[in-house]
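Notes follow once the structure below has been shown.
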């Protein structure tokens with residue numbers, strides 16, 4: 031591969047981090063183009079002409095003729111593994127029952143992703159980011175999520191959301207092995223991890239608050255040990271510092 035892959039996205043985007051992480055883990059050369067949705071860059075004519083969905087991450091494979099464009103992280107992750115035979119993260123070159131089941135389990139998680147770990151972003155992180163980057167005090171006050179009120183009841187309500195999402199994820203997807211699909215990391219783990227790990231990274235709320243989430247904590251620790259973890263999460267850690275400075 032010779033810079034045939036172009037990844038469009040932003041490292042503040044959870045699914046962008048998932049795709050970039052896979053590319054780095056597999057030592058795949060790629061060009062990264064920063065696209066900031068909050069600045070309207072996903073709505074430009076140029077971007078929409080390539081990616082009509084207007085979403086990041088988005089992949090341009092210039093090795094294809096004509097160049098191939100693809101949006102949605104789950105689709106991109108599968109495409110990359112199938113194109114380059116990255117069987118360690120998604121077994122594609124085998125008809126064995128075991129690998130067939132691994133693929134099916136990966137698809138099962140992908141189908142449930144928006145109602146699983148993605149809820150951390152939708153219910154907690156999006157409101158927090160909206161508050162952090164509001165451009166005036168009135169807007170910021172109106173956008174402030176409940177956990178910033180310093181009211182113990184409001185804080186507990188948000189923590190209950192985090193606990194419930196984490197508990198459902200652990201129960202549904204981590205009960206049969208060290209990772210979502212067995213005992214080795216897969217693209218399902220790469221998609222799920224940025225959603226769940228951003229809670230302590232940005233907000234400082236630790237999963238150690240809930241003793242029953244032992245499998246989740248162990249999974250997070252294993253994922254942290256993967257190569258390039260710190261590299262793809264640098265932006266998130268910076269956001270965490272900004273969050274703490276604004277409290």
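Residue numbers (the numbering used here): 31 to 277.
A virtual CB, placed ideally from N, CA and C, is assigned to each residue, including glycine.
Just so it is clear, the structure is predicted and the values come from calculations on it, not from any experiment.
Using only the alpha-carbon positions, how far apart do residue 272 and residue 78 sit? 31 Å
First through last residue of the beta strand (DSSP E) which encompasses residue 70: Premise fails: residue 70 is in no beta strand (DSSP E) and is neither H nor E.
Taking contact to mean at least 3 C-beta pairs separated by less than 8 Å, is the stretch 214 to 228 in contact with the stretch 143 to 153? yes
Look up residue 90 in the DSSP assignment and say whether it is helix, strand or coil. strand
If we call anything under 9 Å between Cβ atoms a contact, is residue 267 one with residue 193? no
Would you kindly work out how many angstroms separate the C-alpha atoms of residue 31 and residue 122, rounded to a whole number? Interpretation of residue 31 is limited by its pLDDT of 44, a score under 50 that renders its predicted location unreliable; the figure taken from the coordinates is listed afterwards. Roughly 20 Å separates the two Cα atoms.
With distances taken Cα to Cα, identify the nearest neighbour of residue 59 among 85, 84, 76 and 92. 92
Own chain partners of residue 81 with C-beta closer than 7 Å, once the 5 adjacent residues on each side are dropped: 88, 99 and 101
Grab me the residues of residue 65's own chain with a C-beta within less than 8 Å of its C-beta, minus the 5 sequence neighbours each way, in chain order. 38, 39, 40, 71, 72, 77, 86 and 88
Close Cβ partners of residue 42 (< 6 Å) along its chain, the five nearest in sequence each way excluded: 265
Under a three-way DSSP split, which group does residue 61 fall into? strand
Within this structure, are the beta carbons of residue 49 and residue 110 separated by less than 9 Å? yes
Alpha carbon to alpha carbon, what distance is there between residue 133 and residue 108? 10 Å
Count the other C-beta atoms from every protein chain shown that fall within 10 angstroms of the C-beta of residue 75, then say buried if there are 16 or more, exposed otherwise. exposed
May I ask you to report which of helix, strand or coil DSSP gives residue 109? helix
Bridge partner(s) assigned by DSSP for residue 36: 61 and 90
Can residue 90 and residue 53 be called in contact, C-beta distance under 9 Å? no
CA-to-CA distance, residue 120 to residue 126, given in whole angstroms: 13 Å
Distance, Cα to Cα, residue 62 vs residue 198? 34 Å
Alpha carbon to alpha carbon, what distance is there between residue 94 and residue 208? 36 Å
What is the DSSP secondary structure of residue 207, counted as helix, strand or coil? coil
Who are the Cβ neighbours of residue 230 in its own chain at under 8 Å, not counting the five residues just before and after it? 236 and 237
Per DSSP, cross-strand counterpart(s) of residue 43: Answer is none; residue 43 lacks a bridge partner.
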